[in-house]
Structure formats: C-alpha cells, structure tokens
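Undergrad: Mind looking over this structure? Questions follow.
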C-alpha cells in the first residue's frame, strides 16, 4: 500500500483548532501523521514546553485514530541562525573556505557537548511512545543548505585528525586547493573519509540513544541535495546505521516547491534517481511532497499532485510525506491541498492498477559520489558544480527540457552519460549506444576511446543553431561562461546541427543571417571501428549548472532538440523510444512496459493546453485503453481527441 504521511506543526492548539485539524486529517485519511518536534538547545523551559505540546498533540491525534510519529527538526543545523538554537556556544562547522569561515547555526558533531545534548533530546522524544522518528534533512557537514564551496568540517579537531593522517601540517587554505582544484588525491580522499566517519558516528550515537529507550523504534533520515555526493558517505549507509536492527527509512529530496530549479520536472527526476540509488537495499522510501512556504499562492496544489502522481506511476517508492496542512495557521486556513488529494484518490488507484512492469525510456546514467574522483577543469569548474547545489543534476535539466521518457534502471537500450559519468561506461554499455556531451567525450578519448573527434579547441559561445535536416536557424542563447568546443571530426561523422557565433541585439539574430566560417558542429553521430555508436554534443553540460534564471538557455530547450534526440536514440539503439510527443513545452512522459502491454502517462506541466496531442509509439499495437482522455490508435500512433489542460494528466494503455 502506498503511504500518505502528513507533517503537522507541534504547537499549542485550542480545542477549536484541534477539531479543525482532526476534520481535515480525516478527509485525507493518512497512514500516519508526523508531528514536528523542535530540536531546542540550551533552554530547558523551552524544551519542556515543546515536550508538553507534543504529548498533548500526540494524545489527541491518537485518540482520534491517527498513528503519530515524530519529525525532529533541525539536527546538526540549517546553516543559518535559528531561534531553536538560543545562541548555543557549541563549535560551529568550519568550512573549506578557510580564514575562519563558519556556518552559523550548524554544529560540528565531533564535540561531545553538542552531541550529548542532541542525544538527550532524541531520548526524550523516544520516551513519548512514538514508534517512528524522522530526522530533518540538515544531517550533513555542508551546513544544511550551504553550497558546495563551503563543505566542512575544518574545525580544530577535524584538522588535527587530518594532519595526523596525512602526515603533514596542512592549512585549511592548502586543503581547499587540493580538494577543489585538482583531481582525486590523498587529500580529498582523507577529507572525505573523515566526513563520512563523522556523520556515521553521530548516526550511530543518535540511534543508540533512541534504541536505549525502545529498540523497536524505527528511525529515518531525510535526504538533502548533497546527501549522495559530497558528505563522504551516502545517505543509504547512514540510514542503515541509525536504523539499528530495524528497517531503514529515507525521505528523499526533490520537492514541488523546486518549481523554478530550473523547471518543475527536475524535482521529480531527482526523487526518481535517488530511489534508484537506494533500490534493492531494503530501505523504505518516502518522497518529499513539500509545498514550502505554503499556501497555494506560493506553491499550487497542481504541482503537488503532479509530483505525487508521477512518482506513484514510477513505482519505485513506498509513499509520500505530503505537506498539506499549513504550519502557521489553523488547518482550515488552507484546505486546497487536501481537497485535491481527496478528489484524486480514484486517480491514484487507477495509476497503481495501470502502471506496472519496467519503467522504459532513455537510460540516464548518474553515478553517486562523483565528487570522490571528479577532475575540475575548464569543462567543470567548482563554480559550475556548486551554483545551485548537486541535485537536480544537469542531465535531468536536459532531459526534462526535452520531454522524453527516461529510466534509471539501465537494463537495455541507449544511455545518456554526461560529464564524469562517461568514466563509468564499460564495454557493455558502450555497445548499446551512448549520448555524450563534450566533457564526456573528452573523458572517453582520454581512456583511448574513439568518439569521432580528431582534435578540439574551445569555441566562442554561440548565438544560433542550425538544424540541418529541418533547414532551420534558431536562437541558441547561453551565458558567456558556458563551455563549448569546436570539434574537428573524423571521416564518417554525420553532423546534425551547427552552432554559430555572431553579434546579437536583445536576443535577435542578425538580419543578414550568419556566416558559415563562424560555425562549428553542435551535434553529430558517429560509429567507430568497434561498431560503437555515439551521439555527441559540443557543449559541456556541467557548465550549464550555473544558468542565469533570468536568461534561460535555448541550447537545451527548443522545439527541434527533442526530435533530434529521438532520431539519434533510434539510430543508437536500433529502435524508437517507447513514446514521444513533440511540440509542447514542459511535457512530462513516463512509460512502463509489462510484457506485451505498455502504459504511457502524459503530464502537462505548462500554462498552455496541449491540443489533441499525437503520440508516436515504438511499435504497432492493436488495442488502446484511455484514461482521463479519449483517443484512437493507428498502428504506432495514438491521436487523442481531447486536450490536456494546464497541469493536467492523461494516460493510455496499449497492447
């Protein structure tokens, strides 16, 4: 059964407010309520009040039939001053920036004064009788929400251990250069190992404190955008540690309120990717249905429902932590989230019934903990890697901008491997056909691979791209810090599109056209002597991680790129994608195949309707069963006779 768990703020409630809360929760019918327990430091009176409110709220919720867990927030610290901290004098996380840089409101776990108080709080929570305790997503050494260039910890204790292990008296500033400006080395390895040990030790200490009260309490962790890459240990391992002998639990990250980073669907892809990283590890997975900062003026319920329904269709998670009750006002101040949740319950059931089997589409290769061996260079500077955090990854921006179905199961078919991921391609993967960016192509060349490039040099940032088959020139806007290469290609390479650099004015191409001598290949196809096939782009995708939100790039997002990709993928793997639907911005597709049948879901995450869409399928089918739409089947095409409304959904099953 797919779980719905609703977080509720722990605070003093009047009888009228309690009645409103119970009424709204009963409409939603959640499997559990997570009552938020504030981690308060250095103030016993405030701690006692928090505890009293929790006991009172837990009791009345349980009396009304709800299962209640505790969600403790924060843990190590949010990375900003927080009123729960009461100016605690504990040692703060010191960052790799050096010069004494610290992260306010985030405390180093090597110091017993902090961790002892933290564990005493968890023991008290365990004593309330809850059977589930969830930790907030600030369980990191990057300071909760801090960016990549402020990793920790470099306090006196951490630096003393590092110096002993390295056998040299290195400064924080010198360590910064070794960690960020070079490839894999003993300094980065040692720093990462100590990071992981620090977090794992704290997870063990907290878990032991809780289980000393009741060994059967389940304890879970919440993911951050850094939790699978730059903490020295991945969250699945920490979740196993803190769980003790019980089943591990992770609330994944990727949330509806990420709608502009850089498009809404990347939050969905983030959760799908993390769920793949945690698969087959006996971990219960919840998605993050966070509508921060609430109410619907800020995050519409349509985003929450779209997020929830896609991930239900994907079928790799066990439930959703669904933020539907306002934290500040009464439960009836904002009822729109719960109203839509209730109305969509038949849809959830139909999705569960229809979407079965393997998720199919283009395989997107994303390897966790890439930071361990990443080589920072012109293709991927520290600034590129860190501008918006580590999740969503840039391949997800690229694929969601193009609206093509994806999978992370990596079972068969072509593979997209941008940047560092290309290093992890084995011969079996290479033989399936690969889509590369310039950075990935260079990494394969460094390993001796033949990807069709004789030589290369940095190219000027383009303004235009010409799609050769369509004989169409389009704007290719990109900030000047984006990285492009001029490839000299080997014989046999087929150029699909070209970039042009030229002067421009306010996003307009020169009225007299562009000059051929100012062009270089944008995308090409190539098959080498080993019959390995490649589709290569001449941009470094990582550099787009710092895209200016006021100047969105059309290099990823235009009407011809999805068609180019689809044709290239068909050439790479010898068969079309499971389904495609062109010409509609922010279309999201998810396909699952079970034997001879396939279910296709189409979500319209855009402000315009999709008028009677036509969907191209990978083969001819003989029967069509539609849901939330009407349509007809003609061999390998489905033509819907109904529109898909903005933020609407349609699906069909073919056999």
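Numbering (my numbering), first residue to last: 273 to 927. Quick reminder that beta carbons are idealized off the backbone N, C-alpha and C, glycines included.
Nearest CA to the CA of residue 772: which residue from 793, 313, 766?
TA: Nearest of 793, 313, 766 to residue 772, Cα basis: 793.
Undergrad: Please classify residue 631 as buried or exposed, where buried requires at least 16 other C-beta atoms within 10 Å of its C-beta.
TA: When all chains shown are included, residue 631 counts as buried.
Undergrad: So what does DSSP say about residue 438, is it helix, strand or coil?
TA: Three-state result, residue 438: helix.
Undergrad: Starting from the Cα of residue 850, find the closest Cα among 891, 434, 342 and give me that residue.
TA: Ranking the options by Cα distance to residue 850, first place goes to 891.
Undergrad: Using C-beta distances below 7 angstroms, list every residue in its chain close to residue 796, excluding the 5 sequence neighbours before and after it, in chain order.
TA: The residues are 724, 761, 765, 766, 767, 768, 808.
Undergrad: Ignore the nearest five residues each way along the sequence and tell me which others in residue 856's own chain have a CB closer than 6 angstroms to its CB.
TA: Here the set comprises 882.
Undergrad: In this structure, does DSSP put residue 400 in helix, strand or coil?
TA: Residue state, collapsed to three classes: coil.
Undergrad: Where DSSP assigns a beta bridge to residue 863, which residues make up the other side?
TA: According to DSSP, residue 863 bridges with 632, 872.
Undergrad: Cutting at 7 angstroms between CB atoms, please list the residues of its own chain near residue 493, excluding the five before and the five after it.
TA: Contacts found: 407, 411, 507, 510, 511, 514, 522.
Undergrad: My assumption, with CB atoms under 8 angstroms, is that residue 811 sits in contact with residue 709. Please give the rounded CB distance.
TA: So it is a contact: roughly 6 angstroms between Cβ atoms.
Undergrad: What residue range is occupied by the uninterrupted alpha helix (DSSP H) comprising residue 847?
TA: Unbroken run through residue 847: none, as it is neither H nor E.
Undergrad: Mapping DSSP to helix, strand and coil, what is residue 793?
TA: Correct three-state label for residue 793: strand.
Undergrad: Run through DSSP, which three-state label would residue 313 get?
TA: Correct three-state label for residue 313: coil.
Undergrad: Where does residue 819 sit, in a helix, a strand or coil, going by DSSP?
TA: Confidence in residue 819 is poor, its pLDDT being 47 and thus under 50, which makes the residue's placement too unreliable to answer from.
Undergrad: Cα separation between residue 566 and residue 501?
TA: Rounded to whole angstroms, residue 566 to residue 501 spans 29 angstroms at the Cα level.
Undergrad: Mapping DSSP to helix, strand and coil, what is residue 483?
TA: Reduced to three states, the DSSP call for residue 483 is helix.
Undergrad: First and last residue of the beta strand (DSSP E) that includes residue 899?
TA: Counting along the chain, the beta strand (DSSP E) containing residue 899 begins and ends at 896-899.
Undergrad: Could you have a look at residue 759 and say whether DSSP puts it in helix, strand or coil?
TA: Correct three-state label for residue 759: strand.
Undergrad: Is the distance from the Cβ of residue 605 to the Cβ of residue 595 below 9 angstroms?
TA: Contact flag unset, no.
Undergrad: With residue 638 and residue 274 assumed to form a contact (beta carbons below 8 angstroms), what rounded beta-carbon distance in angstroms separates them?
TA: About 25 angstroms separates the two Cβ atoms, so there is no contact after all.
Undergrad: Assuming residue 330 and residue 307 form a contact by the criterion Cβ under 8 angstroms, report the distance between their Cβ atoms to the nearest whole angstrom.
TA: Yes, they are in contact, since the Cβ atoms of residue 330 and residue 307 sit about 6 angstroms apart, within 8 angstroms.
Undergrad: Does the segment 351-358 touch the segment 374-382, meaning 3 or more C-beta pairs lie closer than 8 angstroms?
TA: A contact exists between the segment 374-382 and the segment 351-358.
Undergrad: Applying the criterion that 16 or more other CB atoms from any shown protein chain within 10 Å of the CB defines a buried residue, is residue 834 buried or exposed?
TA: With 16 or more Cβ atoms within 10 Å of its Cβ, residue 834 is classed as buried.
Undergrad: Do residue 813 and residue 924 have their CB atoms nearer than 9 angstroms?
TA: Taking 9 angstroms as the Cβ cut-off, residue 813 and residue 924 do not qualify as a contacting pair.
Undergrad: Answer with buried or exposed for residue 911, where buried requires no fewer than 16 other C-beta atoms within 10 angstroms of its C-beta.
TA: Result: exposed.
Undergrad: Specify the secondary structure class of residue 497 as computed by DSSP and reduced to three states.
TA: Three-state result, residue 497: coil.
Undergrad: Round the Cβ separation of residue 516 and residue 483 to the nearest angstrom and send it over; I've been treating them as touching at under 8 angstroms.
TA: With a Cβ gap of about 5 angstroms, residue 516 and residue 483 count as contacting.
Undergrad: On the criterion of 16 or more Cβ atoms from any shown chain inside 10 Å, does residue 801 qualify as buried, or is it exposed?
TA: Counting Cβ neighbours within 10 Å, residue 801 comes out exposed, since fewer than 16 surround it.
Undergrad: In the structure shown, what three-state DSSP assignment does residue 559 receive?
TA: Residue state, collapsed to three classes: strand.
Undergrad: Which value, in whole angstroms, describes the spacing of the CA atoms of residue 633 and residue 861?
TA: Cα to Cα, residue 633 sits roughly 9 angstroms from residue 861.
Undergrad: Where residue 222 and residue 490 are concerned, what is the direct C-alpha to C-alpha distance, given to the nearest angstrom?
TA: Outside the displayed span of the chain (273 to 927) sits residue 222, for which this structure offers no information.
Undergrad: In or out: residue 660 buried (at least 16 other Cβ within 10 Å) or exposed?
TA: Per-residue confidence for residue 660 stands at a pLDDT of 43, beneath the threshold of 50, marking its modelled position as unreliable; no derived number is given.
Undergrad: Taking only runs of the alpha helix (DSSP H) that begin and end inside the segment 677-718, which ones reach a length of at least 4 residues, in chain order?
TA: 699-702, 710-718, all fully within the segment 677-718.
Undergrad: Taking the C-alpha atoms as reference points, what is the distance between residue 737 and residue 283?
TA: Rounded to the nearest angstrom, the two C-alpha atoms are 57 angstroms apart.
Undergrad: Taking buried to mean at least 16 other C-beta atoms within 10 Å of its own C-beta, is residue 359 buried or exposed?
TA: Burial call: exposed.
Undergrad: Ordered along the chain, which non-local residues of its own chain (more than five positions away) have a Cβ less than 7 angstroms from that of residue 486?
TA: Hits under 7 angstroms: 398.
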